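As numbered in the UniProt record's numbering, residues 1 to 443 make up the sequence shown, in order.
For each residue, glycine too, the CB sits at the ideal point set by N, CA and C.
Being a predicted model, the structure only gives us computed values, none of them experimental.
Let me begin by presenting the structure, written as structure tokens, before commenting on it.
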Amino acid sequence: MDEEFLYGRQLPETVISHNLRNAPNIEKRPAVLKRGKYIYCQRCGNKTVRDEVALPSQRYYCPHCILLGRVATHNLLYSIPEPHHFLKITSSPLTWQGTLSKLQAICSSELLEVAQTGGKHLMWAVTGAGKTEMLFETIAWALQKGRRIALASPRVDVCNELYPRFKQAFNNIDIILLHGKQNEKYRYTQLVICTTHQLLRFFRAFDILIIDEVDAFPFVGDKGLAYAADNALTEKGTLIYLTATPSRKLLQQIRKKQLTVSYLPLRFHGYLLPEPIIILDSQLKVFKKKNKLSRKIIKIIKRWESEGYQFLIFVPKISLLEPVYQSVKKILKHDTTGTTVFSGDIQRIKKVSDMRKLKYRYLITTTILERGVTFPALNILILKADDTNFTVSALVQIAGRVGRSFKRPEGDIYFACSEYSRNVKAAVAQIKFLNKKGSKVQK
């Protein structure tokens with residue numbers, strides 16, 4: 001049915017049919033408003049100085065959400081109120097056969113309670129805690145109650161990873177995957193998996209909106225995407241944030257009781273997070289001139305080589321990749337193979353795959369590997385950890401790559417820096433805070 005195309009969505013007239021524009025229950029409002037010397041976009045919530053975005057005939061467009069198609073002051077946003085036209089589900093739709101740990105089950109129950117009562121909630125779970133499985137109970141309940149649910153992530157690769165897992169967990173439920181690199185035609189479904197950018201196309205659609213990796217780029221710090229999340233929720237909807245590294249803003253909301261929180265301080269295998277060891281190394285300040293690593297760092301890398309474990313060395317800038325690689329290569333045996341990898345590397349996927357296949361012992365990398373990559377037995381060194389490119393979130397996420405398997409739940413994580421910076425202190429404090437909570441649970 002044509003009208004389903006607009007259920008709980010907001011789209012300009014340029015992408016909908018003439019017949020749909022005249023549907024009896026259609027709602028429309030200006031896409032962009034003029035207010036003095038500014039324009040305000042009602043799709044993404046951003047304001048812009050009019051003179052910077054002028055079109056002919058005194059029309060103005062929003063530059064912030066233009067990747068989803070241009071909207072301007074002469075456009076309207078069309079919507080049909082969310083009707084919840086879904087097939088009735090009489091028995092549990094959950095086909096997942098796994099079991100939760102005791103702590104996961106407690107967090108799952110807390111999420112269900114939040115979904116039933118409404119509001120905003122943060123699930124603060126350590127890296128490798130098994131967040132996805134904790135969502136199943138809440139989503140199964142919501143599906144049976146006829147609620148509409150979205151699971152959004154800032155990153156396309158996370159959405160691509162989540163989609164097959166949810167298809168398997170809810171085998172008889174129609175789920176759509178939405179992101180900019182997906183060619184599948186839109187259809188109306190009760191459960192949606194999408195990037196946070198796709199939320200800009202929804203309006204008062206979801207009774208439950210779950211945002212995974214809420215601290216990740218591009219969602220973090222983007223007012224337009226935060227606005228889109230609020231806009232995509234029904235008026236009494238539930239917003240659930242998932243993260244291992246909450247931002248300062250989220251932590252402030254917890255302190256002010258504006259956000260409820262659940263903690264999962266232990267990983268699926270029941271061990272604490274490996275805590276970083278700080279190496280204060282004055283030679284890092286002049287590394288680019290001398291291209292030489294200090295004795296203490298060389299000693300660590302050689303020990304890793306003799307122990308036989310794989311390792312990652314993180315650097316803050318692409319320009320440091322090759323010099324560090326050459327310095328590391330000089331101190332290791334000829335058959336200890338490694339390479340560099342970064343976001344623009346056309347061989348990135350293959351190199352990561354080869355690392356998993358043990359073709360490489362080490363990678364020299366940037367923050368591109370801070371998330372979403374798991375190797376079973378790993379050590380990590382962050383060079384110039386005090387560089388501003390390493391945010392608190394990045395440092396905690398990188399540290400979280402270590403100790404993620406049953407076979408080796410521990411590992412080395414070193415922060416090498418020329419000074420004990422604010423971000424380094426905050427990252428270490430955050431890991432110790434979660435371990436303190438985790439050790440109480442272990443007892």
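Beta carbon of residue i nearer than 8 Å to that of residue j
i, j, result
"Tyr360", "Thr340", "no"
"Leu177", "Tyr188", "no"
"Met134", "Ser108", "yes"
"Thr138", "Ala169", "no"
"Ala140", "Arg9", "no"
"Phe342", "Ile300", "no"
"Ile106", "Cys159", "no"
"Leu293", "Ile210", "no"
"Leu363", "Gly400", "no"
"Ser101", "Leu284", "no"
"Gly146", "Gln104", "no"
"Asn22", "Lys223", "no"
"Pro93", "Ile173", "yes"
"Gln190", "Arg255", "no"
Unbroken alpha helix (DSSP H) run spanning residue i, endpoints
i, result
"Ala142", "131–144"
"Ile298", "295–307"
"Phe287", "287–290"
"Leu151", "Counting along the chain, Leu151 falls outside any alpha helix (DSSP H), though it belongs to the beta strand (DSSP E) covering 149–153."
"Phe5", "No alpha helix (DSSP H) holds Phe5; DSSP gives it neither H nor E."
"Tyr163", "156–169"
For residue i, the first and last residue of its enclosing beta strand (DSSP E)
i, result
"Leu358", "Here Leu358 belongs to no beta strand (DSSP E), and DSSP marks it neither H nor E."
"Trp124", "119–125"
"Tyr78", "76–79"
"Leu178", "175–178"
Close Cβ partners of residue i (< 7 Å) along its chain, the five nearest in sequence each way excluded
i, result
"Ile398", "Phe314, Glu370, Ile380, Ile382"
"Asp354", "Tyr360"
"Tyr263", "Trp124, Lys437"
"Gly98", "Glu133"
"Pro316", "Lys384, Asp387, Asn389, Phe390"
"Asn19", "Asp2"
Whole-angstrom distance between residue j and residue i, CA atom to CA atom
i, j, result
"Ala429", "Ile66", "40 Å"
"Thr243", "Leu259", "14 Å"
"Leu143", "Thr238", "14 Å"
"His121", "Ser282", "43 Å"
"Gly69", "Tyr61", "11 Å"
"Val261", "Ala216", "19 Å"
"Leu251", "Lys288", "37 Å"
"Lys296", "Ile279", "8 Å"
"Ser306", "Lys333", "10 Å"
"Arg303", "Asn389", "28 Å"
"Tyr420", "Glu52", "42 Å"
"Tyr38", "Thr14", "24 Å"
"Ala385", "Val424", "7 Å"
"Asp207", "Phe86", "13 Å"
"Ala228", "Leu111", "22 Å"
"His179", "Glu161", "13 Å"
"Pro218", "Val49", "23 Å"
"Asp157", "Leu395", "21 Å"
"Pro56", "Arg35", "18 Å"
"Lys185", "Asp345", "31 Å"
"Thr245", "Val126", "8 Å"
"Glu27", "Leu200", "17 Å"
"Leu33", "Leu6", "22 Å"
"Pro323", "Gln182", "38 Å"
Cutoff 8 Å: residue i Cβ touching any chain C Cβ
i, result
"Ile139", "Judged by its chain identifiers, the structure shown contains no chain C, having just a single protein chain."
Cβ neighbours of residue i in the same chain (closer than 6 Å, five flanking residues each side left out)
i, result
"Glu275", "Ile431"
"Ala377", "Tyr309, Arg408"
"Arg404", "Gly128, Thr374"
"Gly438", "Pro265, Leu266, Leu272"
"Phe311", "Trp304, Tyr362, Asn379"
Contact set for residue i: own chain, Cβ-Cβ below 8 Å, skip 5 residues either direction
i, result
"Asn25", "Glu3, Ile80, Pro81"
"Asn171", "Thr95"
"Phe203", "Gly8, Arg9, Gln10, Leu77, Ser79, Asn231, Ala232"
"Lys167", "Ile175"
"Gly118", "Lys236, Gly237, Thr238"
"Ile277", "Asp412, Ile413, Tyr414, Phe415"
"Ala31", "Pro12, Cys41, Gln42, Arg43, Cys62, Val71, Ala72, Thr73, Asn75, Leu76, Leu77"
"Val220", "Pro154, Val214, Ser247, Ser393"
"residue 444", "Nothing can be reported for residue 444: it is not among the residues displayed for the chain, which extend from 1 to 443."
"Gln442", "Leu266, Gly270, Leu272"
"Lys290", "Gln283"
"Val328", "Leu293, Ile301, Ile313, Gly338, Tyr362, Ile364"
Practice problem: Taking only runs that begin and end inside the segment 11–52, name each unbroken beta strand (DSSP E) of 3 or more residues, in chain order. | Solution: 27–30, 32–35, 38–41, 47–49
Exercise. Could you tell me which uninterrupted beta strand (DSSP E) segments, each at least 3 residues in length, are contained entirely in the segment 191–278, listed from first to last along the chain?
Key: 191–195, 206–212, 233–243, 260–264
Quiz item: What residue ranges within the UniProt domain "Helicase C-terminal" (296–443) form continuous alpha helix (DSSP H) runs of no fewer than 4 residues, ordered along the chain?
Solution: 321–331, 348–356, 392–399, 422–442
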